[in-house]
Amino acid sequence: MNDGTSIRPARNVELGASGEEYQNLHEFVRKARARLNQNAWDYIVGAAETETTLRRNRMALDEIAFRPRVLRNVVHVDPSTEVFGRRLQLPVMLAPVGALEIFDPAAGAAVARGAGTFGAAHMLSSVSEPGLENTAKAAPDALRIFQLYVRGDDAFVEDVVSRSIDNGYSAFCLTVDTAHYSRRERDIAKRYVRESRIRATGGDFQKGLEWRTVKLIKDKFRIPLVIKGIATAEDAVVALDHGVDWIYVSNHGGRQLDHGRGAMHVLPEIVEAVRGRAKIMVDGSFCRGTDIVKAIASGADLVGIGRLQCWALAADGERGITRMLELLEDEVIRCLGLLGVTSFAELDKSYLHPATATNPPGVFSAFPLLDIEPYRY
Numbered sequence: 033m034n035d036g037t038s039i040r041p042a043r044n045v046e047l048g049a050s051g052e053e054y055q056n057l058h059e060f061v062r063k064a065r066a067r068l069n070q071n072a073w074d075y076i077v078g079a080a081e082t083e084t085t086l087r088r089n090r091m092a093l094d095e096i097a098f099r100p101r102v103l104r105n106v107v108h109v110d111p112s113t114e115v116f117g118r119r120l121q122l123p124v125m126l127a128p129v130g131a132l133e134i135f136d137p138a139a140g141a142a143v144a145r146g147a148g149t150f151g152a153a154h155m156l157s158s159v160s161e162p163g164l165e166n167t168a169k170a171a172p173d174a175l176r177i178f179q180l181y182v183r184g185d186d187a188f189v190e191d192v193v194s195r196s197i198d199n200g201y202s203a204f205c206l207t208v209d210t211a212h213y214s215r216r217e218r219d220i221a222k223r224y225v226r227e228s229r230i231r232a233t234g235g236d237f238q239k240g241l242e243w244r245t246v247k248l249i250k251d252k253f254r255i256p257l258v259i260k261g262i263a264t265a266e267d268a269v270v271a272l273d274h275g276v277d278w279i280y281v282s283n284h285g286g287r288q289l290d291h292g293r294g295a296m297h298v299l300p301e302i303v304e305a306v307r308g309r310a311k312i313m314v315d316g317s318f319c320r321g322t323d324i325v326k327a328i329a330s331g332a333d334l335v336g337i338g339r340l341q342c343w344a345l346a347a348d349g350e351r352g353i354t355r356m357l358e359l360l361e362d363e364v365i366r367c368l369g370l371l372g373v374t375s376f377a378e379l380d381k382s383y384l385h386p387a388t389a390t391n392p393p394g395v396f397s398a399f400p401l402l403d404i405e406p407y408r409y
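For what it's worth, the numbering used here labels the leading residue of the sequence shown as 33, then goes sequentially.
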C-alpha cells in the first residue's frame with residue numbers, strides 16, 4: 033500500500049474470504065464472541081482478581097494524545113521496520129499466548145503462518161500447541177521467536193534453547209513475571225479449571241527462577257535473548273548487566289499481578305534506563321494502529337498484540353490473523369500520515385502529549401462501537 037488510502041488485499045488470501053467480511057477491527061471481536069464458549073471467552077477477556085491492571089493498560093494508552101505536524105508531503109508512508117535482520121511490514125509481534133488451540137485447532141501454526149504471510153513477527157508460547165518443532169515446520173519462513181516458561185532444571189532450559197536454534201527461531205524469550213500463578217476470578221467463580229492447568233507440572237522451577245538462568249543462556253548460546261515481564265527501571269538495568277538483547281515490558285496483559293501499572297506508564301522509565309543499550313518490546317492492551325504509533329514514538333522497537341490476535345484467530349483462523357494485521361497497517365499508515373511523518377524513523381515523543389482519557393478503561397474501550405458485555409457470565 034503506497035497511497036495511504038486503501039487496504040491492500042491479503043497476500044495469498046482471496047479478498048472475498050476475509051477482506052470484505054472484516055472492515056473494522058471490532059468485527060473480529062464480535063465474530064469471536066459468537067464462536068467461543070464462555071470458558072474460552074472469559075480466558076481471553078479476563079485478567080487477575082479485580083482486573084485493575086488490565087484497565088490501567090488501556091488507560092495508560094488513552095491518556096496519550098497526539099501533536100500532529102502539517103503541510104508535509106505524506107503521499108508515501110512506509111510503516112515497515114527492520115528487526116532481527118528481517119524487514120517487517122509493521123513493528124508488530126503477535127505476542128505469546130498460552131493454549132491458542134482453544135481459539136482454533138491449528139493454534140500457533142495458524143498464527144505463525146498468518147503473521148508470516150503479512151510480514152509480522154510471531155512469538156510462540158511454550159504452553160501452546162502445536163509446539164516448537166511443528167510450528168517451525170508450519171511457518172518456516174516467518175520471523176519466529178520462542179517463549180519459555182521454565183518447567184525443569186538447567187538441562188531442561190538448555191535443551192529448549194538448543195531446539196529453538198535448531199528450528200530457526202530468531203530469538204529466545206524467557207518469561208519472568210509468573211513466579212506464582214494468579215487468581216483468575218472469572219474461572220474460580222465458575223469452579224472451572226482449564227485442562228492445561230490440570231496437566232501443568234514443574235511450577236516450582238518457575239518460582240525459583242533467578243538471574244543465574246539468564247547468565248547461563250547468555251554464556252552458552254548465541255541467540256538474541258528476550259526477557260519478558262520487566263516492569264521497573266531497576267530490573268531493566270540488571271538485565272542490561274547480564275547482556276540481555278531485548279527488554280520486554282509487559283504485565284502479562286493484567287493477568288498476573290493485580291493493581292500493577294499500565295504498560296505505557298512503565299515504558300518511559302524503561303526507555304530512559306536502557307538508553308539504547310538494548311532493544312525494547314512492549315505489550316498490554318495494544319489493539320489499534322494509534323496504539324502502535326504511541327508505543328514506537330515513546331521509544332519501543334516492537335509492539336506485542338495479544339488479545340486482538342486471539343479474537344482474530346477465533347473469528348477466522350489464519351486468514352483472520354492476516355486480515356487483522358492488514359487493518360492495523362491501514363490504521364498505522366493513516367495515523368503516521370496525519371501526524372505529518374512518512375515513517376517511524378521520523379517519529380519521536382515530541383508527537384505525544386498527556387491527555388485525559390475519554391472512555392472508561394476496559395478490555396473493549398478501544399472499540400466504542402462494539403456492543404458486547406464483557407463482564408457478564
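Glycine included, every Cβ here is placed at the ideal spot set by N, Cα and C.
From a predicted model like this one, the values you see are computed outputs, not experimental measurements.
Look up residue i in the DSSP assignment and give the residues it is bridged to.
| i | result |
| --- | --- |
| cysteine 205 | Gln179, Val258 |
| aspartate 110 | Ser375 |
| alanine 97 | His385 |
| leucine 120 | Thr113 |
What residues in its chain sit with their C-beta under 8 Å from that of residue i, if we drop five residues either side in the sequence?
| i | result |
| --- | --- |
| arginine 320 | Leu57, Leu360, Glu363, Ala398 |
| histidine 297 | Arg88, Ala92 |
| arginine 67 | Ala346, Ala347 |
| arginine 339 | Ile76, Val77, Gly285, Ser317, Cys319, Val395 |
Classify residue i as helix, strand or coil using the three-state DSSP reduction.
| i | result |
| --- | --- |
| threonine 37 | Unreliable positioning characterises threonine 37 in this predicted model, as indicated by a pLDDT of 37, which lies under 50. A coordinate reading is not provided. |
| glutamate 358 | helix |
| leucine 126 | strand |
| arginine 223 | coil |
| arginine 88 | helix |
| valine 115 | strand |
| leucine 132 | helix |
| leucine 103 | coil |
| glycine 394 | coil |
Classify residue i: buried if its beta carbon has 16 or more other beta carbons within 10 angstroms, exposed otherwise.
| i | result |
| --- | --- |
| valine 159 | buried |
| histidine 154 | buried |
| alanine 141 | buried |
| aspartate 333 | buried |
| serine 194 | exposed |
| valine 225 | exposed |
| aspartate 380 | exposed |
| alanine 346 | buried |
| serine 207 | Looking at the sequence itself, residue 207 is threonine, so the reference to serine does not match. It counts as buried. |
| alanine 152 | buried |
| glutamine 70 | exposed |
| glutamine 121 | buried |
| valine 102 | exposed |
CB-CB under 7 Å to residue i, same chain, minus the five flanking residues each way: which ones, in chain order?
| i | result |
| --- | --- |
| threonine 84 | Asp290, His291 |
| alanine 268 | Ile262, Ile279, Ile302, Ala305, Val306 |
| glutamine 288 | Ala80, Asp209, Thr210, Ser214 |
| arginine 294 | The sequence shown places glycine at residue 294, not arginine. Result list for glycine 294: Arg88, Asn89, Met91, Ala92, Gly316, in chain order. |
| glutamate 217 | Glu81 |
| alanine 131 | Val159, Ser160, Arg226, Ser228 |
**Asked** Taking the runs of the alpha helix (DSSP H) that are 4 residues or longer, which of them lie wholly in the stretch 304-387?
**Response** Scanning the stretch 304-387 for uninterrupted alpha helix (DSSP H) segments of 4 residues or longer gives 321-329, 339-371, listed from N- to C-terminal end.
**Request:** Could I get the ranges of all uninterrupted alpha helix (DSSP H) runs contained in the stretch 235-282, with 4 residues as the minimum, in chain order?
**Result:** 235-239, 243-252, 265-273
**Request:** Entirely within the stretch 147-180 and at least 3 residues each: give me those beta strand (DSSP E) ranges in chain order.
**Result:** 153-157, 175-180
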